[in-house]
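Each position in the sequence shown, counted from 1, maps to that position plus 170 in our numbering. Positions of the beta carbon are idealized from the N, C-alpha and C atoms, including for glycine. Single-structure report; data block below.
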Amino acid sequence: MDSQGHQGAGRPTDALGMEIAEMRRLAHWVVDVVVDHFESGAAGAAVAESTPQQLAAIFGGPPPRHRRDPRESMELLVKHALGNMQHGDHPRYFARVPGPSSFAGVLGDWLATGHNAIAASWAGGSGPAAVELVVIDWLRDLLGMPEGTEGVLASGGSMANLIGLAAARHSTGAGVAYTSDQTHASIIRGLRGIGFPPDHIRVLPSDELFRLDPEQVLSALEGDRLAGRRPGFVIATAGTTNCGAVDPIDRLAEICTDHGMWLHVDGAYGAPAALTDVGRTVLSGIERADSLVLDPHKWLFQPYDIGCVLVRHPGALARAFSMTPEYLADATARATEVDLRDRTVELTRPARALKLWLTFHTYGLDRIRAAISAGIALAEHAEGVIRSDPHWEVVTPAQLAMVTFARVGASVDAHASAAAALAGTGFAAVTSTRLHGQSVLRLCTINPMTTHDDIDETIRRLDEIFTQRGA
Ligand SMILES: *Cc1c(COP(=O)(O)O)cnc(C)c1O
């Protein structure tokens, strides 16, 4: 609070003149709308879309010169902007990667945004920075990485991967990166973006279980050596986006040790499963990563956006990213302090940690673990339902809350069009994708609010779509 003598005429308002009473009135409306959204659960559509023309007609035109009624404008946003999207928090949203965010996560984001919180430097935001350091250390510990491992939060998996790989190359020098045909596309884009030339990006064919094959890595790296290129980085995936496959991380870690290479593990989707006993076994070896990425806005129940990269080597992030221009000299950390801007490519950055910290405090680790386990079990239930009907075949069994399946004898485009037909009804959303060329449907079941009935009915409606089409 400012001292009384410095209260300007007309204050308190916001920077553009909104008065306190109106703020409260509008904010309470927003709170009710958001809680109504949580309350409505499965009542609305899982996904909805409008045309560019329709949406431009609603939102377009020149910016208004004068004040409009904010309540009416917010109603437009709720109905037409927030109404037309994938509802990743809907219990029958099984497509892509759902985003079943917790309400505590929302509250943490609101608090941070409401205070315009910043986590750039210690001097500029020691509070938010301290919370971020705590959250990063919790994640480090939960994923089994050693003390001294450092990290930073980012906008998501794509950025976290890019930051980790840039730090890796800065630490070890240029070299060839080995990925598989199941590696997330954002990694390849990131490698290109940070200047890996095409002959330093090796995309190897995955094995029959869609995993990066250590033998392929070994023969490729021998070939690169003979050609005068340095084998530099193995990029393993801990839970592929396509089917939940986990690369043989222990074996890949050995190869990295033997050949002086850096192991980067992309656990953007799957790493949080390590909080559960089952997941810990499936993900064995992720703690050996030199750099490890996870996406709390996927399977740690956070609203967008929050990704995280952990780097085992103290100082590696800062060596890659620190900067101290003159105009930041008075905001430069002393010995025991950390300027998070020096661990990433962002300077001004939001306090993403607050929502995750608040989520852990609000529900506790046991509840979060149980919610992750529930997602793993839901995919197993789905697999059972699919196996019980001879019209379907399981293509990849339930793993890390994902299952893929195909309609026996379906034509090439049939899965995509069935998925689109189902999405068009709003009842549920599933993904159609390809695995080694085979067209499949895929369910991602990380939302613990999903019931068995939701899954049974989704598969039943897919079955109906195929039956009506005579397939
Ligand atoms: C989602 C995902 C990413 C990209 O994360 P964003 O948060 O969407 O940027 C990277 N890798 C894997 C394995 C993913 O599932």
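- The beta carbon of Lys525 is closer than 6 Å to those of Gly275, Gly278, Asp279, Gln472 in its chain, skipping five residues each way along the sequence.
- Secondary structure note for Ile405: its beta strand (DSSP E) is the uninterrupted segment 401-407.
- Between the alpha carbons of Thr427 and Ser389 lies a gap of roughly 16 Å.
- For Arg604, the three-state secondary structure derived from DSSP is strand.
- Rounded to the nearest whole angstrom, the CA to CA distance from Arg395 to Pro418 is 23 Å.
- Bounds of the alpha helix (DSSP H) holding Ser210 are 190-210.
- In this structure, the beta-carbon distance from Arg482 to Met244 does not fall below 9 Å.
- Apart from the 5 residues on each side of it in sequence, Thr603 sits with its Cβ closer than 7 Å to the Cβ of Asn412, Val610, Arg612 in its chain, given in chain order.
- Of the residues Arg181, Ala521, Ser272, Leu462, the one whose Cα lies closest to the Cα of Ala541 is Ser272.
- Listed in chain order, the non-local C-beta contacts of Ala423 below 6 Å within the same chain comprise Leu433, Gly455, Arg458, local neighbours out to five positions each way being set aside.
- Cys478 sits in a strand when the DSSP states are folded into three classes.
- Counting C-beta pairs with one atom in each stretch, the stretch 527-544 and the stretch 444-454 have three or more that are closer than 8 Å, which means they touch.
- Remark: the shortest separation between the CB of Lys468 and any heavy atom of ligand 1 falls under 8 Å.
- A distance filter of 5 Å between CB atoms and the heavy atoms of ligand 1 selects the following residues in sequence order: Gly326, Gly327, Ser328, His354, Ser356, Thr411, Asp436, Ala438, Tyr439, Asp465.
- The secondary-structure analysis by DSSP pairs Phe264 with nothing; it has no beta-bridge partner.
- Approximately 6 Å separates the beta-carbon atoms of Phe403 and Ala338; this is inside 8 Å, confirming the contact.
- Looking at the DSSP output, Val217 bridges to Gln256.
- Closest option to Leu361, judged by alpha-carbon separation, among Glu320, Ala347, Asp202: Ala347.
- One alpha carbon belongs to Arg639, the other to Glu627, and they sit about 18 Å apart.
- For Arg362, there is no enclosing beta strand (DSSP E); the enclosing alpha helix (DSSP H) covers residues 355-363.
- Taken atom to atom, the span from the alpha-carbon of Pro261 to that of Ala549 is near 13 Å.
- Per DSSP, reduced to three states, the secondary structure at His434 is strand.
- The three-state reading of DSSP puts Thr411 in coil, since its state is none of H, G, I, E or B.
- For Ser461, DSSP records a beta bridge to His434, Val481.
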